[in-house]
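Report on the following structure.
In the working numbering, the protein residues as written are 84 to 1092.
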């Protein structure tokens, strides 16, 4: 047949641009990679993009030549094996194929990959099967994987959010756990307040990580909150902390709040701290300025009587400044209390979710800051807390973008900041930033100041998916500082321009925080009032109107009646801490404010024409005084109920200033009998017992003195009879501001019962020692008796050997002398045989007695015994007996290759136990004997187990007695087990037996290791 025609390739030259055309029209994605090698020149660490064709650009949503590397864009390609497939294809140079489902890094589909190396490039062709119909199994798998991925992303987002809140919060936040107050978490702000890096304190007990806090009571407060579950609020608490390498005193407002787990147990203590050192120092500075201004006022009053009224106004201004400072302090306290209330409210809103979700929701609800999470480039709300809802005036809604909810912030640049954080992935921090927010109550923008952080939130591929907004409203702090600065400037200006104070009087009235108004006429019509007065009654038009018209509550509370009295009599009225209840016209809420005020008539042409009103808000002082009185009452109650005896002695004569009921019980007198009297006059029984020198020494040296279990003669309240008691007391000096000793505080307890109990125990110990001595003497006598008995047994066995030997010789001689007929007579052979057996048994008994007498404690020295070799030797000795009895013997001694013991005694123990196991076998079943050795703690345990006849409980109790035989069908002397027990006990060990008739017996020997 003719051969078929063959089509040969034609030598056609490659047209220019053919590669570009093929790549552009290819329906599959094509990627050209260039491998990036590690420092060793062989390992491929990443792949750089050389080119993507149009199909690859469309499938991957990437440009023609991405600037980022393969693993940068697709980090999950490494754990899923895609990167390893590419590396293998490049090294092999062959065409390699791979199929996989890839649902990471923004891709979701089944991909078919083909790769081959070309020169220094890797060519990859791939298709996405998303356009092809999927099976039901594939769809179910994709739905399941998508759900798992969504849950993973949600959990990771919440974890990132929790980390961002803890580490990037503009307020200091920490979490303490355990009795040693271990710092489980602390953000940078809190660590900066402590003066240490987070790595130096997190994970360590608080007082170890921050040793400067020792002795300042903070660890005790944390444990108290954990025990009582009651939050603790500290206001302007001084603390010595490390700052810039030196210990400084700083002032803090803080809250210790218990954090609960889902089951209600205390998970730890949250610490939220605000550094208020600047406010405290500013208030102290204002106080100094107040004192300077008071001096200036004195000069003005002395130099020019004409400015008396103005100086008085300035003096009122000074008081107002002080009141303002106290008001600022109250605001800080109120903010702290609001934070505490927020923490409590958030605690009730915890959801029963996973621990991380519960912890996240709790912390986000408890921090006194506005928090929101914004998703996507449009910054849509996915979460916000109550503080954020308040900040946005209730306008924030889940799913809406920020620009729609807060349109006023767009032109203020905040949306641009969010865009920048979303685009760059870098956080942005703003401090005391001004923002205008719409006030729905007034319809006008309201100026606020905020500290805020815009923190990017990343997905599993480390791509920005949203922004965390953490906002702290610091308007009060900024305005307070601005107000303090303004007031300081005003005071300086007033001092420099005291010559123009009369002309600037109304201006001062306008600028002072004091409440000032001028009422004219008997109907008390407003002629002037300053802005501070207007702030008390917002929204009320008072110009030209009367008090009764604008303030009906003032009429009901009697203030108009006071004004009438001053107007009619001309006598000035001074009010101190008088409450005024004012109704807010918008909210109808009633607010009670306390004032110090003056109603003073003013005259024209000698006639009363009006009344000037000067008032100062002293609400914070009144509330503080009420709180202080309550605290003092509580302190007094605690003092009275304290289980410790406490007394305070004042002056050189040691006059009893305070004494609680506990010290009265010790003294034998009620506190009423001793308070106000010198100590040794009230307690003459204690004189001459050394207390005069002790107390005088504490007063003179200023050093505390401790007495422990000191005997003292004290009266008892029942009959005032002096009895000996024992007390522990600390006498601590009390100092005045000049560090001079002014008295002594005595704190202690009565320990009479403990001392008497210990003395009784000591007496019992002495009796026990006497008893032990008697027992020792008895044991020595018993040892001598045992020695005598052993000597007797040895002597008796030795002395009886000769008579038995003679008797044996006589029997031999008798056999030789008797004629043959006599030896064959009836009963003669039997009698001779019985006599031989009796002599043999008696000789064997004498041998055993000799062996027993020689068994002395520690007679044989300990040596290193090869146990497997010794067992094998005993096995060989017993082999005829084992074969005759058809007994199976097994041994497991691998755990005890060597044993420290006397080789001779150990062989005797094994031989007796194993031979007895064979002798007393059960004849109705195959005999089995097993030997095992193991080590427990510091002992060697030998176990011999058989399936023989077994022993009843009564037989077990007689088993180890000398010459005691429990079975008569087997020959024996009844000495073997006795010798085993004595050898074991002489070596400091023990032997036990467990047995059941018809089942078998197990002997266990415990020897020192």
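Using N, Cα and C, we set each Cβ at its ideal position, and we do this for glycine too.
Close beta carbons around residue i, own chain, < 6 Å, minus the five adjacent residues each side
i           : result
residue 781 : 788, 814, 816, 827
residue 627 : none
residue 797 : 751, 808
residue 723 : 743
residue 685 : 693, 695
Residue i vs residue j beta-carbon contact at 7 Å
i            : j           : result
residue 117  : residue 139 : no
residue 347  : residue 259 : no
residue 339  : residue 359 : no
residue 1010 : residue 970 : yes
residue 948  : residue 982 : yes
residue 56   : residue 650 : Examination of residue 56 is not possible in this model, given that the chain is present from 84 through 1092 alone.
residue 701  : residue 677 : yes
residue 454  : residue 468 : yes
residue 831  : residue 811 : yes
residue 513  : residue 535 : yes
residue 785  : residue 825 : no
DSSP three-state assignment for residue i, whether helix, strand or coil
i            : result
residue 355  : strand
residue 96   : At residue 96, the pLDDT of 45 sits below 50, so the modelled position is not reliable and the matter cannot be decided from this model.
residue 1071 : coil
residue 1019 : strand
residue 908  : coil
residue 393  : Note that residue 393 scores a pLDDT of 44, beneath 50, so its modelled location is shaky and nothing firm can be said.
residue 25   : In the structure as shown, the chain begins at 84 and stops at 1092. Residue 25 is therefore absent and cannot be evaluated.
residue 313  : coil
residue 688  : coil
residue 1043 : coil
residue 521  : strand
residue 1034 : coil
residue 279  : coil
residue 293  : coil
residue 812  : strand
residue 659  : strand
residue 818  : strand
residue 676  : strand
residue 695  : strand
residue 768  : helix
residue 664  : strand
residue 539  : strand
residue 555  : strand
residue 170  : helix
Own chain, CB closer than 8 Å to residue i, minus 5 neighbours either side, in chain order
i            : result
residue 107  : 136, 137
residue 1064 : 1043, 1074
residue 152  : 119, 129, 130, 131, 132
For residue i: DSSP bridge partner residues
i            : result
residue 464  : 457
residue 805  : 798
residue 983  : 947
residue 189  : None; residue 189 has no bridge partner.
residue 201  : 204
residue 336  : 357
residue 1078 : 1084
Residue i beta carbon near the ligand MG (any heavy atom closer than 6 Å)
i           : result
residue 108 : The ligand MG is not part of this structure, which contains no ligands at all.
Beta carbon proximity, residue i to chain D, threshold 7 Å
i           : result
residue 537 : Among the chains of the structure shown, chain D does not appear; only one protein chain is present.
Segment contact flag, the stretch 314-330 with the stretch 275-290, C-beta cutoff 8 Å, min 3 pairs: yes
Contact the stretch 1081-1089 vs the stretch 1017-1037: 3+ CB pairs below 8 Å: The stretch 1081-1089 vs the stretch 1017-1037: in contact.
Sufficient close CB pairs (3 or more, under 8 Å) joining the stretch 491-505 to the stretch 453-464: yes
Stretch pair the stretch 699-712 + the stretch 725-740: three plus CB contacts closer than 8 Å: no
Three or more C-beta pairs below 8 Å linking the stretch 552-563 and the stretch 521-534: yes
The stretch 563-570 in contact with the stretch 650-660 per 3-pair CB rule at 8 Å: no
Three or more C-beta pairs below 8 Å linking the stretch 186-200 and the stretch 536-552: yes
Three-pair Cβ contact test at 8 Å for the stretch 591-600 versus the stretch 685-704: yes
Touch test, the stretch 662-671 against the stretch 607-614, Cβ-Cβ under 8 Å, three pairs minimum: no
Inter-stretch contact (C-beta, 8 Å, three-pair minimum) for the stretch 1032-1041 and the stretch 1059-1072: no
Any 3 or more C-beta pairs closer than 8 Å across the stretch 953-970 and the stretch 985-1005: yes
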